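K.L.:
After the structure tokens below, expect a handful of questions from me.
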Amino acid sequence: MFNLSTILEHHARNSTAKEALIFADKRITFGQLDAVANQIANGLKALGIGHGDKVALTCPNLPYFPMIYFGILKTGATVVPLSVLLKRNEIAFHLQDSDAKAYFCFVGTPEMPMGQEGHAGFEMTDTCMDFFIITPAFPDASPMAGTQTLGMLMAGQSPIFQSHFTSPDDTAVIIYTSGTTGRPKGAELTHSNLFLNACLSKDLQDLTYDDKSLLVLPLFHIFGQTVCMLASIYKGATCVLVPRFDAEMVLTLMQNEKITHFAGVPTMYWGLLNYPDTHKFDMVGIKNNLKLCMSGGAALPVQVLHDFEKKFEVEILEGYGMSEGSPVVSFNHKGQLRKPGSVGIPVWGVEICIMDENGNQLGNNENGEICYRGHNVMKGYYKRPDATAESIINGWMHSGDIGYRDDDGFYFIVDRTKDMIIRGGYNVYPREIEELMMQHPAVSMVAVIGIPHQEYGEEIKACVVLKPNATITEKELISWTKDQIASYKYPRVIEFMNSLPMGASGKILKRELRVQ
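The sequence shown begins at 1 in the UniProt record's numbering and counts up one residue at a time.
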């Protein structure tokens, strides 16, 4: 019997006064975090919510997120984190599909009215018993029909709660996939999945009790949730919360809070690298405190890795994972051989193989689908046995990612299967072209996509953001690329853009580029 909330309760007992969360001027100890989570758990129990029930949560990186997250887990219920960018129709789908019985939703801001969108989505489904707005007082004179505030839920509730002893195989969290290949699917992650991934993530980062992790990756995303939040709480380290990525804010917190660990997606490293006013900060102090940076979620261009490490004098370790893997599958281990551009070797307890389309295992340096098995593999897709059977075959999780293993056992991601471009019968992997074009002195960022073509089926297009004050024509950049890559691979179309569309986790949204 085991409940993931044990990782919080341990430090609440033994390190009560230790800072667990920092947000703005607020300092929240492990004892306080656990007490609030207990009040929330008691409030949910009073509503009849408990083991096996689903509770949805929309909240940016604020102290409310871990408070509610652990409060839900303590009851034995399942957390269903939702992206803060979802609109009412999408919210309604997630609530309906997950069979949520309650929904916590942050009230939001005028620019991002999560509460309004959430309530509208709630009204479109009849699966929820109650709806909660996370705010001391709802902006209107009285809450919307069927809503409560978090304060109303917690009022009069005891800060003591006996957590429900769940089975390690019980579902702790349902993480919905992005839905780039159809309707989003809910990956069921167990208490055991997440606990073991938090343990190994702590070791991969070499986290200590005295460290401070900057949590800028969205906590509703599995990378931020497991590798950052759960790993830090498991070790008793302090989490410094940032609601949204802003280079100036990140550097300010790195300086003032003496951040030791930072995890981000490639666009965040690009943003910090290109921030023009680093001279305003104590960069020597920032560099001295930073012990480790991690990158995941998407391929980190090797040029960005080298430039960032040179400027910030800290090592970036890349890894590979996905929601269905809880998420970490492989990693470049600290203190061991590292290969820039590689996602490292399998983490403890996980096996990886490269398979062809017939399920045959391939040898070294052969491109195929990355498949893995181990303690990190999800329980399955919620209410989707068909999709589960297609993805988990003979115990192997089929990732949909194309990669290869080199002679030293290191794995490299070539591209997503769905991102692969087939031009005139030739397979073209966008990442290879992106890595090349990022080396051009005028190019700051690039995303390569396939566009319809009458003769070739698909044509290669590069969406390019130039560096400040850089000038180059489409013809010149095409010619430069053509000289350095096979003739069927270079982009025939280039569009210069001021920025690239990004999701809440900082990933470049190629599907939006395709629609455009």
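Think of the CB as a built atom: it goes at the ideal place given N, C-alpha and C, for glycine as much as any other residue. None of these values were measured; they are calculated from a predicted model.
Have a look at the DSSP bridge pairing and note the partners of Asp401.
P.N.:
Within the sequence shown, residue 401 is the residue found at index 401, counting from 1. The partner list for Asp401 (beta bridge, DSSP) reads Arg416.
K.L.:
Output needed for Leu290: all residues of its chain with C-beta closer than 6 Å, excluding positions within five of it in sequence on either side, in chain order.
P.N.:
As a working note, residue 290 is residue 290 in the sequence shown. If we look at Leu290 and ignore the five residues flanking it on each side, its Cβ neighbours are Val314.
K.L.:
Drop a sphere of 10 angstroms on the beta-carbon of residue 519, count the other beta-carbons inside from all chains shown, and report buried for 16 or more, exposed for fewer.
P.N.:
Residue coverage of the chain in this structure runs from 1 to 516, which leaves residue 519 outside it and unanswerable.
K.L.:
Does Cys59 come out as helix, strand or coil in the three-state DSSP assignment?
P.N.:
By 1-based counting over the sequence shown, the position of residue 59 is 59. Three-state DSSP puts Cys59 in coil, outside helix and strand.
K.L.:
Taking only three categories from DSSP, how would you classify Glu19?
P.N.:
The residue labelled residue 19 in the question sits at position 19 within the sequence shown. In this structure, Glu19 counts as strand in the three-state DSSP scheme.
K.L.:
Less than 8 Å separating the beta-carbons of Ala100 and Thr75?
P.N.:
As a first step, residue 100 is located in the sequence shown; it is residue number 100 there, counting from the start. As a first step, residue 75 is located in the sequence shown; it is residue number 75 there, counting from the start. Against a cut-off of 8 Å, the Cβ pair of Thr75 and Ala100 comes out as no contact.
K.L.:
Would you call the region 500–516 in contact with the region 265–274, where contact means no fewer than 3 C-beta pairs closer than 8 Å?
P.N.:
Yes, since at least three Cβ pairs between the region 500–516 and the region 265–274 fall closer than 8 Å, the two stretches touch.
K.L.:
Exposed or buried, what is Ile7 when buried is set at 16 or more other beta-carbons lying within 10 Å of its beta-carbon?
P.N.:
Within the sequence shown, residue 7 is the residue found at index 7, counting from 1. Ile7 is buried by the Cβ-count criterion.
K.L.:
Threshold first: 4 residues or longer. Then list the alpha helix (DSSP H) segments lying entirely within the region 212–246, N to C.
P.N.:
231–235, all fully within the region 212–246.
K.L.:
May I ask which residues mark the beginning and end of the alpha helix (DSSP H) holding His440?
P.N.:
Residue numbering aside, residue 440 sits at position 440 when the sequence shown is read from its first letter. Neither: His440 is in no alpha helix (DSSP H) and is coded neither H nor E.
K.L.:
Tell me the DSSP secondary structure of Asp355 in three-state form.
P.N.:
If you number the sequence shown from 1, residue 355 lands on position 355. Reading off the sequence, residue 355 comes out as Met, not Asp. If DSSP states are grouped into helix, strand and coil, Met355 belongs with the strands.
K.L.:
Looking at Ile345 and Ser330, is the spacing between their C-beta atoms short of 8 Å?
P.N.:
Numbered from 1 along the sequence shown, position 330 holds the residue referred to as residue 330. Numbered from 1 along the sequence shown, position 345 holds the residue referred to as residue 345. For Ser330 and Ile345, yes; Cβs fall inside 8 Å.
K.L.:
Ignoring anything shorter than 3 residues, give me the beta strand (DSSP E) runs that lie fully in the UniProt domain "AMP-binding enzyme C-terminal" (432–507), in order along the chain.
P.N.:
Whole beta strand (DSSP E) segments, 3+ residues: 443–453, 457–466 and 493–496.
K.L.:
In this structure, what does DSSP give as the bridge partners for Cys293?
P.N.:
Against the sequence shown, residue 293 aligns to sequence position 293. Cys293 pairs with Phe262 and Ile316.
K.L.:
Per the contact definition of three or more C-beta pairs closer than 8 Å, is the region 442–454 in contact with the region 417–430?
P.N.:
Taking 8 Å as the limit for Cβ pairs, the verdict is that the region 442–454 does touch the region 417–430.
K.L.:
Any idea what DSSP makes of Asn14, helix, strand or coil?
P.N.:
One-based indexing of the sequence shown puts residue 14 at position 14. Reduced to three states, the DSSP call for Asn14 is helix.
K.L.:
Counting only the same chain and skipping the five closest in sequence on each side, list residues whose C-beta sits under 8 Å from that of Met397.
P.N.:
Along the sequence shown, read from residue 1 onward, the residue named residue 397 stands at position 397. Excluding sequence neighbours, Met397 sits near Glu324, Gly325, Cys371, Tyr372, Arg373, Val377, Met378 and Ser391.
K.L.:
Give a yes or no on contact between the region 232–248 and the region 14–31, applying the rule of three or more CB pairs nearer than 8 Å.
P.N.:
Result yes; three or more Cβ-Cβ pairs closer than 8 Å.
K.L.:
Would you identify the three-state DSSP class for Thr190, choosing helix, strand or coil?
P.N.:
Taking the sequence shown and counting its residues from 1, one reaches residue 190 at position 190. Strand, per DSSP.
K.L.:
Kindly identify the DSSP beta-bridge partner or partners of Gly344.
P.N.:
Along the sequence shown, one-based indexing puts residue 344 at 344. DSSP lists Tyr411 as partners of Gly344.
K.L.:
Can you tell me which of Leu214, Leu513 and Tyr275 puts its alpha carbon nearest to the alpha carbon of Leu292?
P.N.:
The sequence position of residue 292 within the sequence shown is 292, counting from 1. Looking at the Cα atoms, Leu214 is the closest of the given residues.
K.L.:
Give me the Cα-Cα distance between Thr417 and Phe65, rounded to the nearest whole angstrom.
P.N.:
For the purposes of this step, residue 417 is taken as residue 417 along the sequence shown, with counting starting at 1. For the purposes of this step, residue 65 is taken as residue 65 along the sequence shown, with counting starting at 1. Computed Cα separation, rounded: 33 Å.
K.L.:
Can you confirm whether the region 109–123 touches the region 209–228 when touching is taken to mean that 3 or more C-beta pairs between the two stretches lie within less than 8 Å?
P.N.:
Counting Cβ pairs under 8 Å, fewer than three are found: no touch.
K.L.:
Can you list, in chain order, the residues of its chain whose CB lies under 6 Å from that of Leu4, leaving out five sequence neighbours each side?
P.N.:
Locating residue 4 in the sequence shown gives position 4, where the first residue counts as 1. Hits under 6 Å: Leu73, Ala172, His191, Leu194 and Phe195.
K.L.:
Quick check on Gln148: does DSSP put it in helix, strand or coil?
P.N.:
The count along the sequence shown starts at 1 and reaches residue 148 at position 148. Strand at Gln148.
K.L.:
Assign Val377 to one of three DSSP states: helix, strand, or coil.
P.N.:
Locating residue 377 in the sequence shown gives position 377, counting from the first residue. Looking at Val377 - three-state DSSP - the assignment turns out to be coil, as it is neither helix nor strand.
K.L.:
When the Cα of Lys461 is compared with those of Gln439, Met112, His333 and Met420, which residue comes out closest?
P.N.:
Taking the sequence shown and counting its residues from 1, the one referred to as residue 461 is at position 461. Here the closest residue by C-alpha is Met420.
K.L.:
Let me know if Leu189 comes out buried or exposed under the rule of 16 or more other beta-carbons within 10 Å of its beta-carbon.
P.N.:
In the sequence shown, the residue the question calls residue 189 occupies position 189. It counts as buried.
K.L.:
Which runs of the alpha helix (DSSP H) at least 4 residues long sit entirely within the region 60–106? Give them in chain order.
P.N.:
Runs of the alpha helix (DSSP H) inside the region 60–106: 64–74 and 88–98.
K.L.:
Going along the chain, which residues of its own chain have a beta-carbon closer than 6 Å to the beta-carbon of His51, five neighbours each way excluded?
P.N.:
As a position in the sequence shown, residue 51 is number 51, starting the count at 1. Counting only Cβ-Cβ distances below 6 Å, and skipping sequence neighbours, we find Gly76 and His164.
K.L.:
To the nearest angstrom, how far is the alpha carbon of Leu513 from that of Gly156?
P.N.:
Taking the first residue of the sequence shown as position 1, residue 513 is located at position 513. Taking the first residue of the sequence shown as position 1, residue 156 is located at position 156. Approximately 51 Å, taken between the alpha carbons.
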